[in-house]
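Contents: one structure, followed by commentary.
Numbering (the numbering used here), first residue to last: -12 to 212.
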């Protein structure tokens, strides 16, 4: 009997090892629910010819000169052993006069830097209009997709209220170029967390217990009849 139970638990652990739980709210940006952000972040269905990659809205982080933009949400990874962070993004930058410095998009979970995406400040003689992706997988829609899986130990011992944060930063040492503008578009943000093996086994034991109760209940009904 014990061998049968262990076999069932092993099968459950294998089948549930890819089971994930979405621990992020409103990753398709249908409104502001779940997110905190700076005043220069908005949620739009279209912006300067750019449309969302999924759903009806996207997050728009707009930097004009020295004003940085940020978007964040706390997530809880307690009881999990790995997490897959993914999102789609687009970048645009333009400048009417030469000078100024580059921008960059950084993504962090807690204190850990997930990605740093530079946005070059180039000048073509008249004005700049750039789209300079360097990280992620290009999609047919013109967006790029970032996706990486991490063990939760990557983020330290405190796994509750880890802040997933996107920052669009102006790096101009002079304090900002007010003729320069940069926009980052985000969509389809996800944090898919897989439970710890012990949690999976506990789930399996619960399922086995429930199945046993159903069998006993059925046998009682059959004996009464």
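The beta carbon of each residue, even a glycine, is placed where N, CA and C say it ideally should be.
* Asked: Where residue 70 and residue 177 are concerned, what is the direct C-alpha to C-alpha distance, given to the nearest angstrom?
  -> Numbered from 1 along the chain shown, position 83 holds the residue referred to as residue 70. Numbered from 1 along the chain shown, position 190 holds the residue referred to as residue 177. Approximately 10 Å, taken between the alpha carbons.
* To do: Mind the definition here: the segment 142 to 154 touches the segment 87 to 104 only if three or more C-beta pairs lie below 8 Å; say whether that holds.
  => yes
* Residue range of the beta strand (DSSP E) that includes residue 31 -> Counted from its first residue, the chain shown places residue 31 at position 44. It spans 28 to 31 - the beta strand (DSSP E) in which residue 31 sits, taken as one unbroken run.
* What is the rounded straight-line gap between the Cα of residue 36 and the Cα of residue 79? -> By one-based count along the chain shown, residue 36 stands at place 49. By one-based count along the chain shown, residue 79 stands at place 92. Each residue's Cα considered, the two are about 11 Å apart.
* To do: Say yes only if the C-beta of residue 47 is nearer than 7 Å to one or more non-hydrogen atoms of the ligand PLP, and no if none qualify.
  => This structure lacks the ligand PLP, and indeed carries no ligand of any kind.
* Please list the segments of the beta strand (DSSP E) lying wholly inside the segment 70 to 99, counting only runs of 3 or more residues, in order along the chain. => 90 to 96
* Asked: Are the beta-carbon atoms belonging to residue 89 and residue 72 less than 8 Å from one another?
  -> One-based indexing of the chain shown puts residue 89 at position 102. One-based indexing of the chain shown puts residue 72 at position 85. Contact: no.
* Flag this pair as touching only if the segment 140 to 151 and the segment 42 to 49 have three or more C-beta atom pairs under 8 Å; answer yes or no. => no
* Asked: Cα separation between residue 187 and residue 7?
  -> Here residue 187 refers to the residue found at position 200 when the chain shown is read from its first residue. Here residue 7 refers to the residue found at position 20 when the chain shown is read from its first residue. Caution is warranted here: a pLDDT of 47 is assigned to residue 187, below 50, making its placement in the model unreliable, and the coordinate value is therefore given only provisionally. Going by the C-alpha atoms only, they are around 11 Å apart.
* Asked: By the 10 Å Cβ neighbour count, where 16 or more other Cβ atoms means buried, how is residue 181 classified, buried or exposed?
  -> Along the chain shown, one-based indexing puts residue 181 at 194. When all chains shown are included, residue 181 counts as buried.
* To do: For the beta strand (DSSP E) containing residue 170, list its first residue and its last residue.
  => The count along the chain shown starts at 1 and reaches residue 170 at position 183. Run containing residue 170: 167 to 182, per the beta strand (DSSP E) assignment.
* Please report the residue range of the beta strand (DSSP E) in which residue 135 lies. => By 1-based counting over the chain shown, the position of residue 135 is 148. Where residue 135 is concerned, the enclosing beta strand (DSSP E) stretches over 131 to 138.
* Please report how far the alpha carbon of residue 130 lies from the alpha carbon of residue 98, in whole angstroms. => In the chain shown, the residue the question calls residue 130 occupies position 143. In the chain shown, the residue the question calls residue 98 occupies position 111. In a straight line, the C-alpha of residue 130 is about 27 Å away from that of residue 98.
* If residue 179 and residue 9 are in contact, beta carbons under 8 Å, what's the gap, nearest whole angstrom? -> To locate residue 179, count along the chain shown from 1; it is residue 192. To locate residue 9, count along the chain shown from 1; it is residue 22. Between residue 9 and residue 179 the Cβ distance is about 6 Å, and since that is below 8 Å, they are a contact.
* When the distance is taken between beta carbons, is residue 12 closer than 8 Å to residue 18? -> Position 31 of the chain shown, counting from 1, holds the residue named residue 18. Position 25 of the chain shown, counting from 1, holds the residue named residue 12. Going by C-beta atoms, residue 18 is not nearer than 8 Å to residue 12.
* Can you name the residues that DSSP bridges to residue 8? -> On the chain shown, residue 8 is found 21 positions in, with the first residue counted as 1. Beta-bridge pairing links residue 8 to 180.
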